[in-house]
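I have placed the structure first, in the form of structure tokens, so that the comments after it can refer back to it.
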Amino acid sequence: MGKRAVLLIISVLLGISVFVSCTSDKENSGKPTKEAPPEIVSDAGKEASKEAPKGESRKEVTIKVGSAVVPHAEILNFIKPKLKQEGINLEVVTLDDEAQLNPALNEKQIDVNYFQHVPYLNSVTKEKGYEFQVAAKVHVEPIGFYSEKLKSKEELKEGAKIAIPNNPSNEFRALVLLQANGLIKLKEGISDFKATPRDIAENPKRLKFVEVESPQLTRSLPDVDGAVINTNYILEAKLDPNTALFREDANSPYANIIVVRKGEENRPEIKKLGEYLTSPDVKKFIQEKYGVAVVPAF
Numbered sequence: 001m002g003k004r005a006v007l008l009i010i011s012v013l014l015g016i017s018v019f020v021s022c023t024s025d026k027e028n029s030g031k032p033t034k035e036a037p038p039e040i041v042s043d044a045g046k047e048a049s050k051e052a053p054k055g056e057s058r059k060e061v062t063i064k065v066g067s068a069v070v071p072h073a074e075i076l077n078f079i080k081p082k083l084k085q086e087g088i089n090l091e092v093v094t095l096d097d098e099a100q101l102n103p104a105l106n107e108k109q110i111d112v113n114y115f116q117h118v119p120y121l122n123s124v125t126k127e128k129g130y131e132f133q134v135a136a137k138v139h140v141e142p143i144g145f146y147s148e149k150l151k152s153k154e155e156l157k158e159g160a161k162i163a164i165p166n167n168p169s170n171e172f173r174a175l176v177l178l179q180a181n182g183l184i185k186l187k188e189g190i191s192d193f194k195a196t197p198r199d200i201a202e203n204p205k206r207l208k209f210v211e212v213e214s215p216q217l218t219r220s221l222p223d224v225d226g227a228v229i230n231t232n233y234i235l236e237a238k239l240d241p242n243t244a245l246f247r248e249d250a251n252s253p254y255a256n257i258i259v260v261r262k263g264e265e266n267r268p269e270i271k272k273l274g275e276y277l278t279s280p281d282v283k284k285f286i287q288e289k290y291g292v293a294v295v296p297a298f
């Protein structure tokens, strides 16, 4: 084979090689070298965007409940995690002066209050003209007679000094308790849950009565022969409710209630609050934690 023929064959082979190389480059040009990862990220983003509305569809609602410290706030905090699962954020508000909880509800600073019984609510409603509604009855705190000086009511001497609450409904309640235990007798015809020592018809031991702000009654014990005290103040003072010389029975009409502004009792979150506060779990919690000091009213 001549030199010309060999050179011709080599030229043809080189040309084919160049053509194949150029064709391959053209096919690969225009394609990103890492195309798959962006597609994966994009798909994940699509999945995330599909799931996002699920979280948004369940909006959490907050309700503010003004309450006494013990046992009310403790009971509320017990059901707080359960309400959270229902999409309800329970905010518990306690005030040093519980008498401000009704004005706070009236002025829409809170949504609910939980500290009072029906006779007290009725007395302040007549005075202030509140338009409130009872949403649920939760518990009774049997009011009791306590003393640091006596071991039984039979030890009460003539002229003994007795401290009682100075607000109308609880003052009546204290006097009725003393009457039920044979120490005094009230005038006939008292039906509005209001009475003072002036309404005592018979006082054989000539007991002397000292009217005291309810939260101060536990502090008055060293200065008197005995005092009629609401159980929540006994618990707050870390006193043993079992030391009461006598107390109301479970049939007391003074059930503690949750109260709302009239017309709001059917709000779903309010109804759910009432359901949980009157549930078997709360009944068990009250019985196990407070014993005779707090009695479920449902």
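Position 182 of the sequence shown, counting from 1, maps to 182 under my numbering, and the rest follow consecutively. Note that CB positions come from ideal geometry on N, CA and C, so glycine has one too.
Residues of its chain near residue i, where Cβ-Cβ distance is below 7 Å and the 5 sequence neighbours each way are ignored
i	result
Leu217	Ala163, Pro165, Ala227, Ile229, Tyr233
His117	Tyr254, Ala255, Asn256, Ile257
Asn77	Val92
Tyr290	Pro71
Contacting residues, own chain, Cβ-Cβ under 8 Å from residue i (five flanking each side not counted)
i	result
Glu148	Leu221, Pro222
Asn181	Phe145, Lys153, Phe246
Val69	Thr94, Asn232, Glu236
Asn89	Glu60, Val61, Thr62, Ile63, Leu83
Rounded C-alpha distance that separates residue i from residue j
i	j	result
Ala104	Glu155	44 Å
Phe115	Gly66	8 Å
Asp249	Lys59	44 Å
Leu183	Asp96	34 Å
Glu74	Ile200	37 Å
Arg261	Val134	9 Å
Gln100	Asn122	16 Å
Glu269	Glu98	24 Å
Lys151	Lys161	15 Å
Ile63	Gly263	16 Å
Ile79	Phe285	10 Å
Of the residues the options, the one placed nearest residue i, counting alpha carbons only
i	options	result
Val140	His72, Ser214, Glu236, Arg198	His72
Thr231	Val224, Thr243, Glu265	Thr243
Lys205	Glu158, Lys187, Lys194	Glu158
Leu186	Lys283, Leu175, Ser252	Leu175
Val295	Ser123, Pro241, Val210	Pro241
Arg173	Val112, Ile88, Asp192, Val292	Asp192
Glu275	Ser214, Leu150, Lys82, Lys64	Lys82
Glu188	Val212, Ala293, Glu202	Glu202
Glu127	Val224, Val282, Asn167, Ala293	Asn167
Pro142	Asn251, Gln287, Ile79	Asn251
Phe209	Asn106, Val224, Lys284	Val224
Neighbourhood of residue i by C-beta, 6 Å cutoff - its chain only, sequence neighbours within 5 removed
i	result
Tyr120	Ser169
Gln109	none
Opposing strand residues paired with residue i [DSSP bridges]
i	result
Asn77	Answer is none; Asn77 lacks a bridge partner.
Gly66	Val93, Asn113
Ile229	Gly144
Arg261	Phe132
Pro296	His139
8 Å contact criterion, which residue i and residue j should meet: CB distance rounded
i	j	result
Ala293	Val138	Ala293 to Val138, Cβ: 14 Å. No contact.
Glu171	Ala136	Not a contact, Cβ separation roughly 26 Å.
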